[in-house]
Amino acid sequence: MGNINKKNSNQDDANVLLPIDTPFKFPSPLPTWPSGEGFASGIIDLGGLQVSQISSFTKVWASQEGGPDNLGATFFEPSNLPNDFFMLGSYSQPNNLPLFGWLLIGKDSSGDALKLPNDYTLVWSSENLKIKQDGICYIWLPIPPEGYKSVGHVVTTSHQKPSLDKIRCVRADLTDASETDDWIWGNDVLNVYSSRPKDRGIKGLGVSTGAFMALNNGAAADSLACLKNVVENFCSMPNLNQIQALFQAYSPLYYFHPDEEYYPSSVTWFFQNGVLLYTKGQESAPVLVQPDGSNLPLDGSNDGAYWLDLPTDDSAKNRVKNGDLHAATSYLHIKPMFGATHTDIALWLFYPFNGPARAKIEFITIPLGKIGQHVGDWEHITLRISNFNGELQSVYFSQHSGGNWVSAPQLEFENGNKPVAYSSLHGHACYSKTGQNMQGSGNIGIRNDTAKGQVMDTGANYAVVAGDYLKIVEPVWLNYAREWGPKISYDIANELKKIERFLPGKLKRAIEKLVKSLPNEVLGEEGPTGPKFKDMWNGDERG
185 MGNINKKNSN QDDANVLLPI DTPFKFPSPL PTWPSGEGFA SGIIDLGGLQ VSQISSFTKV
245 WASQEGGPDN LGATFFEPSN LPNDFFMLGS YSQPNNLPLF GWLLIGKDSS GDALKLPNDY
305 TLVWSSENLK IKQDGICYIW LPIPPEGYKS VGHVVTTSHQ KPSLDKIRCV RADLTDASET
365 DDWIWGNDVL NVYSSRPKDR GIKGLGVSTG AFMALNNGAA ADSLACLKNV VENFCSMPNL
425 NQIQALFQAY SPLYYFHPDE EYYPSSVTWF FQNGVLLYTK GQESAPVLVQ PDGSNLPLDG
485 SNDGAYWLDL PTDDSAKNRV KNGDLHAATS YLHIKPMFGA THTDIALWLF YPFNGPARAK
545 IEFITIPLGK IGQHVGDWEH ITLRISNFNG ELQSVYFSQH SGGNWVSAPQ LEFENGNKPV
605 AYSSLHGHAC YSKTGQNMQG SGNIGIRNDT AKGQVMDTGA NYAVVAGDYL KIVEPVWLNY
665 AREWGPKISY DIANELKKIE RFLPGKLKRA IEKLVKSLPN EVLGEEGPTG PKFKDMWNGD
725 ERG
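Per the working numbering, the very first residue in the sequence shown carries number 185; after that it's consecutive.
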């Protein structure tokens with residue numbers, strides 16, 4: 185993704201090849217998606233403004249210092265624009281990754297959606313910057329006419345203002361508030377970030393432009409807007425046939441640690457194997473949950489009135505704890521994002537049991553007894569796909585109370601374009617790489633070990649369980665608002681005493697501080713609620 189035409193660059197003279205000089209390519213060509221309405225058609229109408237996603241760039245300027253890994257950053261403008269489409273902003277990316285970016289360009293289909301800027305303001309110049317750079321950089325902010333807003337910068341290597349015809353400003357009602365996202369590059373005076381809409385989620389109408397946002401001396405980030413889809417329809421979203429094709433192309437391969445004991449299952453398998461529904465005040469008379477969950481209470485919220493627990497028979501309990509990888513099902517929630525210009529496929533896995541945690545204190549690994557154990561464990565990863573072309577742009581890996589987005593060039597792929605995900609030992613947090621994945625600070629933290637053991641092809645057994653615009657009939661259990669496990673009765677203080685009796689004083693204090701800092705998702709004192717009752721169900725992912 186990303187084709188480069190070079191200009192004003194003397195980097196070639198140094199014969200230094202950086203990762204960004206090689207555009208990213210998926211391991212396999214993208215398939216032809218099944219036909220439908222507007223999905224993967226190349227153009228989306230936001231309501232009098234047609235936008236297209238372009239990855240053909242002309243290189244304008246680069247630094248070879250600063251930014252991630254101190255490799256600098258490169259600034260681009262879109263090139264080879266189709267007739268009647270105009271530049272709305274510029275793209276920038278750190279040099280430590282292969283080129284993988286895009287910009288939205290706009291076509292006025294209503295007669296007044298776009299206008300020339302009145303003038304430009306100089307945001308920053310690299311004239312006095314003592315670093316390796318390709319000439320002098322000038323970053324300009326378009327000054328829009330009244331009733332219009334700027335959604336991107338212009339970058340030049342000349343001190344003269346750009347032509348007014350270089351870029352277009354957008355009618356204010358077709359814009360929304362934006363904010364900074366990932367840091368791209370910067371110094372003591374200027375910092376450059378990717379941008380994203382402030383209002384994100386399945387109801388959010390803000391549209392990401394792909395343009396960078398420059399902040400000079402910490403200036404407020406509200407000088408640039410994002411776009412807005414005022415049509416509020418879902419014609420650009422994939423239909424069920426297209427979703428199936430997308431998931432077959434990008435369904436992750438999920439690796440479990442070689443020492444894992446607690447695997448996922450399907451919800452049906454969990455219910456079929458003796459799981460019990462408890463009612464507050466009637467704890468002595470639990471009832472078996474029906475295989476389809478039809479006797480679960482669906483009224484109310486997570487009020488503690490009901491909860492699930494494992495069978496009381498020890499052998500049945502241990503069997504359910506271990507899960508059943510062959511029965512495991514990927515549950516898919518289809519979400520419109522960024523004003524329905526992107527599709528998020530949230531993939532949820534259910535684990536009947538979450539195993540005990542392990543801590544690392546400097547060079548010592550310490551089992552934490554029962555700490556971390558709980559019944560019922562919902563984990564997820566999310567695929568973010570462009571509705572312009574069906575291309576996978578990034579994957580979100582959830583990790584206890586947080587997580588992180590990983591762009592396509594940073595992913596590991598197998599079997600074509602299937603991203604690889606790793607489930608951490610016992611805790612089942614999701615990561616993009618193998619390792620200890622420490623959660624903490626310095627040399628003290630919780631180990632989230634990942635390695636290649638058994639693998640689950642998530643595309644082999646999956647079910648689309650939710651997607652408002654698809655009119656999906658949701659399974660009954662999805663609307664069960666209470667906890668999928670009981671409140672654990674163990675005493676954390678007693679568990680700490682068992683651990684600390686073998687430790688010197690310094691390590692005792694360190695382990696106490698660590699355990700007290702853990703979020704509930706790690707402590708495992710009570711079972712989790714289901715996917716539909718988590719913030720990211722309707723909103724964007726954390727991170």
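Built from N, CA and C at the ideal position, the CB exists for glycine as well. Just so we're clear, the structure is a prediction, and the values are computed from it rather than from any experiment.
- Using alpha carbons as the reference points, say which of L348, S342, D318, A356 lies closest to G331. Residue mapping note: residue 331 aligns to position 147 of the sequence shown, counting from 1. Among L348, S342, D318, A356, the Cα nearest to that of G331 is on A356.
- Message: Could you tell me which whole alpha helix (DSSP H) segments of length 4 or greater appear in the region 397–467?
- Response: Correct list: 424–434, 451–456.
- Query: Between the Cα of R666 and the Cα atoms of Y646, Y462, P659, K544, which residue gives the shortest distance?
  - Reply: Here residue 666 refers to the residue found at position 482 of the sequence shown. Of Y646, Y462, P659, K544, the residue nearest in Cα terms is Y462.
- N-terminal and C-terminal residue of the alpha helix (DSSP H) that K505 is part of: Counting from one through the sequence shown, the residue named residue 505 turns up at place 321. For K505, the enclosing alpha helix (DSSP H) has its first and last residue at 498–505.
- Task: Starting from N621, follow the beta strand (DSSP E) in both directions and report where the run begins and ends.
- Result: The sequence position of residue 621 within the sequence shown is 437, counting from 1. Counting along the chain, N621 falls outside any beta strand (DSSP E), and DSSP gives it neither H nor E.
- Thinking just about the alpha-carbon of each residue, which of S276, W562, L389, W661 is nearest to the one in K718? Residue 718 sits at position 534 when you count from the first residue of the sequence shown. For K718, the closest of S276, W562, L389, W661 by C-alpha to C-alpha distance is W562.
- Task: Assuming W589 contacts S578 (C-beta within less than 8 Å), just tell me the rounded distance between them.
- Result: Numbered from 1 along the sequence shown, position 405 holds the residue referred to as residue 589. Numbered from 1 along the sequence shown, position 394 holds the residue referred to as residue 578. Taking the Cβ atoms as the reference, W589 lies roughly 5 Å from S578, within the contact range of under 8 Å.
- Are the beta-carbon atoms of L233 and S293 separated by less than 8 Å? Numbered from 1 along the sequence shown, position 49 holds the residue referred to as residue 233. Numbered from 1 along the sequence shown, position 109 holds the residue referred to as residue 293. For the pair L233 and S293, the CB atoms are nearer than the 8 Å cut-off.
- Message: Just to confirm, is the Cβ distance from N663 to I386 under 8 Å?
- Response: Translated into positions along the sequence shown, residue 663 becomes position 479. Translated into positions along the sequence shown, residue 386 becomes position 202. No, they are not a contact pair.
- Message: Using the Cβ count rule (16 or more neighbours within 10 Å means buried), how would you classify I315?
- Response: For this step, residue 315 is matched to residue 131 along the sequence shown. In summary, I315 is exposed, with fewer than 16 beta-carbon neighbours lying within 10 Å of its beta-carbon over all protein chains present.
- From this set, Q344, F259, V354, which residue's C-alpha is nearest N279's C-alpha? Numbered from 1 along the sequence shown, position 95 holds the residue referred to as residue 279. Residue F259 is the option with its Cα nearest to N279.
- Message: Among the candidates G643, N371, S379, whose CA atom is the shortest distance from the CA of Q432?
- Response: In the sequence shown, the residue the question calls residue 432 occupies position 248. If you compare the alpha carbons of G643, N371, S379 with that of Q432, the shortest gap goes to G643.
- Task: Excluding the 5 residues preceding and the 5 following G651 in the sequence, name in chain order all residues of the same chain whose CB lies nearer than 7 Å to its CB.
- Result: Residue mapping note: residue 651 aligns to position 467 of the sequence shown, counting from 1. Non-local beta-carbon contacts of G651 in its own chain, meaning distances under 7 Å to residues more than five positions away in sequence, involve H517, I518 in chain order.
- Query: What's the gap between the Cα of D196 and the Cα of L230?
  - Reply: What you label residue 196 is simply residue 12 of the sequence shown in a count that begins at 1. What you label residue 230 is simply residue 46 of the sequence shown in a count that begins at 1. Note on D196: pLDDT 45, under 50, position unreliable in the model; the coordinate value appears next. For D196 and L230, the distance between alpha carbons rounds to 41 Å.
- Message: In whole angstroms, give me the CA-to-CA distance for D724 and R384.
- Response: Here residue 724 corresponds to residue number 540 of the sequence shown, with the count starting at 1. Here residue 384 corresponds to residue number 200 of the sequence shown, with the count starting at 1. Looking at the two C-alpha atoms, the distance is approximately 6 Å.
- Could you name the residues of the same chain whose beta carbon sits closer than 7 Å to that of G586, not counting the 5 residues immediately before and after it, in chain order? Walking along the sequence shown from the start, residue 586 turns up at place 402. R726, G727.
- Buried or exposed (CB count within 10 angstroms, at least 16 for buried), K209: Residue 209 sits at position 25 when you count from the first residue of the sequence shown. The residue is exposed, with fewer than 16 neighbouring Cβ atoms inside 10 Å.
- Which listed residue (A530, Q594, S239) has its alpha carbon closest to that of H564: Looking up residue 564 in the sequence shown gives position 380. Ranking the options by Cα distance to H564, first place goes to A530.
- Query: What are the start and end residues of each continuous beta strand (DSSP E) run of 3 or more residues lying completely inside the region 211–289, in chain order?
  - Reply: Complete beta strand (DSSP E) runs here, min 3: 227–229, 233–238, 240–247, 257–262, 275–278.
- Message: One question on the structure: do D454 and V504 come within less than 8 Å of each other, judged by their Cβ atoms?
- Response: By one-based count along the sequence shown, residue 454 stands at place 270. By one-based count along the sequence shown, residue 504 stands at place 320. Looking at the sequence provided, one finds Phe at residue 454 rather than Asp. The answer is yes: Cβ separation under 8 Å.
- Message: If you measure between the beta carbons of A512 and M640, is that distance less than 8 Å?
- Response: Within the sequence shown, the letter at position 328 stands for residue 512. Within the sequence shown, the letter at position 456 stands for residue 640. Annotated as proximal: A512 and M640, with beta-carbon spacing under 8 Å.
- Could you tell me the distance, in whole angstroms, from the CA atom of C410 to the CA atom of S263? The residue given as residue 410 occupies position 226 in the sequence shown. The residue given as residue 263 occupies position 79 in the sequence shown. When rounded, the distance between both Cα atoms is 21 Å.
- Among Q344, G256, N312, L298, the one whose alpha carbon lies nearest that of P328: Counting from one through the sequence shown, the residue named residue 328 turns up at place 144. Cα-wise, what sits closest to P328 is L298.
- Message: Tell me the DSSP secondary structure of N192 in three-state form.
- Response: Position 8 of the sequence shown holds residue 192. Residue placement at N192 cannot be trusted, given a pLDDT of 45 that sits under 50; the coordinates are not used to answer.
- Task: Use the C-beta contact count for K544: other C-beta atoms within 10 angstroms, 16 or more gives buried, fewer gives exposed.
- Result: In the sequence shown, residue 544 corresponds to position 360, counting from 1. Burial call: buried.
- Does DSSP put P301 in a helix, in a strand, or in coil? Looking up residue 301 in the sequence shown gives position 117. DSSP places P301 in coil when its eight states are reduced to three.
- Query: So who's on the other strand from A605, going by DSSP bridges?
  - Reply: Counting from 1 along the sequence shown, the entry for residue 605 is found at position 421. DSSP lists Y438 as the bridge partner or partners of A605.
- Message: For P715, count the other beta carbons within 10 Å of its own beta carbon; 16 or more makes it buried, fewer makes it exposed. Which is it?
- Response: Looking up residue 715 in the sequence shown gives position 531. Burial is judged here by how many other beta carbons sit within 10 angstroms of a residue's own beta carbon; P715 has at least 16 and is buried.
- For the candidate residues G370, A361, K291, whose alpha-carbon lies nearest to that of P252? Here residue 252 corresponds to residue number 68 of the sequence shown, with the count starting at 1. Ranked by how close their Cα comes to the Cα of P252, the residues G370, A361, K291 have G370 in first place.
- Locate the beta strand (DSSP E) running through S310, then write down its first and last residues. Walking along the sequence shown from the start, residue 310 turns up at place 126. Secondary structure note for S310: it is in no beta strand (DSSP E), with a DSSP letter that is neither H nor E.
- Message: For N423, which residues in the same chain have their Cβ closer than 6 Å to its Cβ, ignoring the five residues on either side in sequence?
- Response: As a working mapping, residue 423 is identified with position 239 in the sequence shown. Beyond the five residues adjoining it in sequence on each side, N423 comes within less than 6 Å, by CB distance, of G220 in the same chain, given in chain order.
- With DSSP collapsed to three states, give me the class of Y664. Translated into positions along the sequence shown, residue 664 becomes position 480. Looking at Y664 - three-state DSSP - the assignment turns out to be coil, as it is neither helix nor strand.
- Item | Backbone secondary structure at I204 - three-state DSSP | As a working note, residue 204 is residue 20 in the sequence shown. Assignment of I204 by DSSP, reduced to helix, strand and coil, places it in the helix class.
- Task: Just tell me which of H584, F572, T566 has its CA closest to the CA of A605.
- Result: In the sequence shown, counting from the first residue as 1, residue 605 sits at position 421. It is T566.
- Item | Residues sharing a beta bridge with W562, DSSP | Within the sequence shown, residue 562 is the residue found at index 378, counting from 1. Secondary-structure assignment with DSSP links W562 through a beta bridge to F534.
- Query: Which residue or residues does DSSP assign as beta-bridge partners of S378?
  - Reply: In the sequence shown, counting from the first residue as 1, residue 378 sits at position 194. The partner list for S378 (beta bridge, DSSP) reads F396.
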